[in-house]
Each structure stands twice: as C-alpha cells, then as structure tokens.
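Below you'll find the structure, written out as structure tokens, and then a few comments.
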Amino acid sequence: PLLLDELLDPNTLYQPTATDAYRDELRQYLLRVPEDDEEQQLEALRQFKQAQLLRIAAADIAGTLPVMKVSDHLTWLAEAMIDAVVQQAWVQMVARYGKPNHLNEREGRGFAVVGYGKLGGWELGYSSDLDLIFLHDCPMDA
C-alpha cells in the first residue's frame with residue numbers, strides 16, 4: 207500500500223528527496239512509530255527505503271535525474287539509513303546497559319561508522335551492498 211501511494215502521486219514520484227533532506231525526512235517518518243517498538247521501527251526503515259528507492263528509480267527512468275546523480279542520491283539515502291540505525295542502536299543500548307562510564311559529554315558516543323568501497327566512493331548502485339567498518343572507543347583497561 208505504501209508504494210502504491212507513491213506511484214499514484216506523479217508530483218512526488220519523479221522528484222527524489224532533496225540531497226540534504228534524507229535524514230530529516232527519515233526522522234520525521236520514524237516519529238510516527240513508537241520508539242520502544244523495535245519491530246515497527248525496523249519496518250518503518252524498510253518502508254522508507256523502498257519508497258525512496260522507487261522515487262530515485264522513477265526519476266532515473268524518466269530522465270529527470272542524471273546518471274551521476276543517481277549514485278549520489280543512493281549514497282545519501284544509505285547514509286541517512288545508517289545514521290538512523292546507529293541512533294536507534296545507541297538509544298537501545300543506553301536504555302539497557304547505561305551510558306559507558308569512560309565517555310564524557312564532549313567525546314560523544316565514542317563510535318564511528320566508516321563506509322568504504324562503493325559507498326565511500328559515492329558509486330552506489332541499486333543492488334550495491336554497504337561495506338562498513340565500525341570503530342569504537344573503549345576504556346584503557348578493557
């Protein structure tokens with residue numbers, strides 16, 4: 207039903223999300239779902255991704271989005287999805303175990319996600335996988 211709504215609205219179907227708006231649109235989309243319902247959060251992430259992929263593909267096929275911009279939009283979408291998943295994981299981890307004692311407020315989370323391969327090179331295609339490295343800070347005595 208969600209993708210059918212996208213298909214029925216030609217005003218938005220051929221217009222991919224603005225490059226700087228993927229994260230904000232995803233945050234707004236996730237606000238509709240209870241934060242403590244992990245299954246619904248994951249389903250909302252899947253729905254958002256599918257709707258955005260449909261819009262990017264429609265603009266690609268219609269020729270309103272140049273080929274070089276398609277990979278840019280796919281990369282921005284992937285980055286927004288990664289950002290949202292990391293945020294959800296952090297909230298769930300802190301709720302369950304508390305904030306790590308060795309981190310202070312200025313250091314943030316002590317966690318980074320590094321994308322390489324096609325993601326890092328802004329060359330994502332529709333079926334590209336995401337090559338990711340996760341880095342974390344840990345106490346000296348760990």
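Residues in the sequence shown are numbered from 207 upward in steps of one, following the numbering used here.
We treat Cβ as the ideally placed atom computed from N, Cα and C, and that holds for glycine.
Could you say which of the options lies nearest to residue i if we only look at CA atoms?
{"i": "Pro222", "options": "Glu244, Gln247, Leu251, Thr281", "result": "Thr281"}
{"i": "Leu232", "options": "Asn217, Gln293, Lys305", "result": "Gln293"}
{"i": "Asp289", "options": "Asp343, Leu338, Leu219, Ala224", "result": "Leu338"}
{"i": "Pro345", "options": "Lys305, Asp243, Ser277", "result": "Lys305"}
{"i": "Gln258", "options": "Glu245, Val239, His279", "result": "His279"}
Determine, using beta carbons only, whether residue i and residue j come nearer to each other than 8 Å.
{"i": "Ala250", "j": "Tyr235", "result": "yes"}
{"i": "Leu309", "j": "Gly321", "result": "no"}
Looking at the unbroken alpha helix (DSSP H) that takes in residue i, where does it start and where does it end?
{"i": "Tyr322", "result": "Per DSSP, Tyr322 belongs to no alpha helix (DSSP H); it is in the beta strand (DSSP E), 317 to 322."}
{"i": "Pro216", "result": "216 to 219"}
In terms of residue numbering, what span does the beta strand (DSSP E) encompassing residue i cover?
{"i": "Leu341", "result": "337 to 342"}
Using only the alpha-carbon positions, how far apart do residue i and residue j sit?
{"i": "Glu285", "j": "Phe340", "result": "14 Å"}
{"i": "Ser277", "j": "Asp242", "result": "33 Å"}
{"i": "Gly327", "j": "Val273", "result": "15 Å"}
{"i": "Ser334", "j": "Lys324", "result": "7 Å"}
{"i": "Gln256", "j": "Gln247", "result": "14 Å"}
With a cut-off of 8 Å, do at least 3 Cβ pairs link the stretch 297 to 306 to the stretch 260 to 280?
-> no
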